[in-house]
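For the sequence shown, the positions run 424 to 626 when my numbering is used.
We treat Cβ as the ideally placed atom computed from N, Cα and C, and that holds for glycine.
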Amino acid sequence: DAYEATEDEELSVDAEEGVLANDTIHDETVELIAALVDDVEHGTLELAADGSFTYLPEENFVGEDVFTYKACIEGGECSEEPATVTITVEPVNDEPNAVDDEYETPMGKKLEVPAPGVLENDIDPDPSDEQTVEVKDLPLHGELVLNADGSFTYEPDAGFHGIDTFTYWLISEPGVQSAYMDSATVTITVRPVARIFLPIILK
Numbered sequence: 424d425a426y427e428a429t430e431d432e433e434l435s436v437d438a439e440e441g442v443l444a445n446d447t448i449h450d451e452t453v454e455l456i457a458a459l460v461d462d463v464e465h466g467t468l469e470l471a472a473d474g475s476f477t478y479l480p481e482e483n484f485v486g487e488d489v490f491t492y493k494a495c496i497e498g499g500e501c502s503e504e505p506a507t508v509t510i511t512v513e514p515v516n517d518e519p520n521a522v523d524d525e526y527e528t529p530m531g532k533k534l535e536v537p538a539p540g541v542l543e544n545d546i547d548p549d550p551s552d553e554q555t556v557e558v559k560d561l562p563l564h565g566e567l568v569l570n571a572d573g574s575f576t577y578e579p580d581a582g583f584h585g586i587d588t589f590t591y592w593l594i595s596e597p598g599v600q601s602a603y604m605d606s607a608t609v610t611i612t613v614r615p616v617a618r619i620f621l622p623i624i625l626k
């Protein structure tokens with residue numbers, strides 16, 4: 424038997440489509456019972472005697488999981504060889520998690536952050552997904568250039584020192600209509616530059 428499930432979702436199969444649905448016996452008046460032999464390895468299985476079952480895959484598991492069973496007569500014999508049930512768990516796009524960032528730069532000096540930049544601490548449960556970023560809200564006290572790969576430059580306004588922020592979108596699978604997005608805030612501390620006062624020597 425073969426069934427399909429979805430990542431992180433429970434599969435429920437009733438008796439009409441269960442593992443016994445395609446099993447036969449010469450005496451049609453005798454009812455078959457499903458007996459589990461080998462359990463699944465990547466989830467939780469509950470197999471009922473009538474062949475119906477539920478299956479919940481482990482979190483984020485995708486691929487094939489299998490279990491085996493024997494068809495038995497109640498109070499009697501079972502099939503000699505167990506039958507194999509294959510469950511194919513199809514992947515879904517998991518939502519990424521954008522994490523806030525903090526940087527600092529001296530007053531009047533451009534901050535240059537190479538890739539992966541703001542992406543470095545962001546989390547995507549699907550490592551195969553391509554991640555990009557886009558500006559959500561620009562800073563109020565400087566000029567920002569944010570690249571898709573997470574790198575950016577920030578140049579504070581002349582004379583400004585203090586806290587400035589911008590926000591960005593983290594996009595999983597750009598260009599896909601169903602792509603997931605999350606946002607995070609980047610805080611930039613612009614440090615004041617100490618002024619050096621030279622003593623005035625009067626002659």
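Comparing alpha-carbon positions, the option among 560, 425, 553 lying closest to residue 476 turns out to be 425.
The residues 544, 545, 546, 607, in chain order, have a CB closer than 8 Å to that of residue 522 in the same chain once the five nearest residues on each side in sequence are set aside. Note on residue 528: 16 or more other CB atoms within 10 angstroms of its CB, so buried under the neighbour-count rule. Below 8 Å, enough C-beta pairs join the stretch 585-592 and the stretch 557-577 to call them touching: three or more.
For residue 483 and residue 531, the gap between their C-alpha atoms comes out near 47 Å. With contacts defined by Cβ atoms closer than 8 Å, residue 490 and residue 450 do not form a contacting pair. Residue pairing of residue 588 in beta bridges, as defined by DSSP: 610. Here residue 542 carries a helix assignment [DSSP, helix/strand/coil]. Taking residue 514 as the centre and dropping the five residues before and after it, the same chain places the C-beta of 430, 485, 549 closer than 8 Å to its C-beta, in chain order. Counting the other Cβ atoms within 10 Å of the Cβ of residue 499 gives fewer than 16, which makes it exposed. Taking 8 Å as the cut-off, the Cβ atoms of residue 494 and residue 437 do not count as close.
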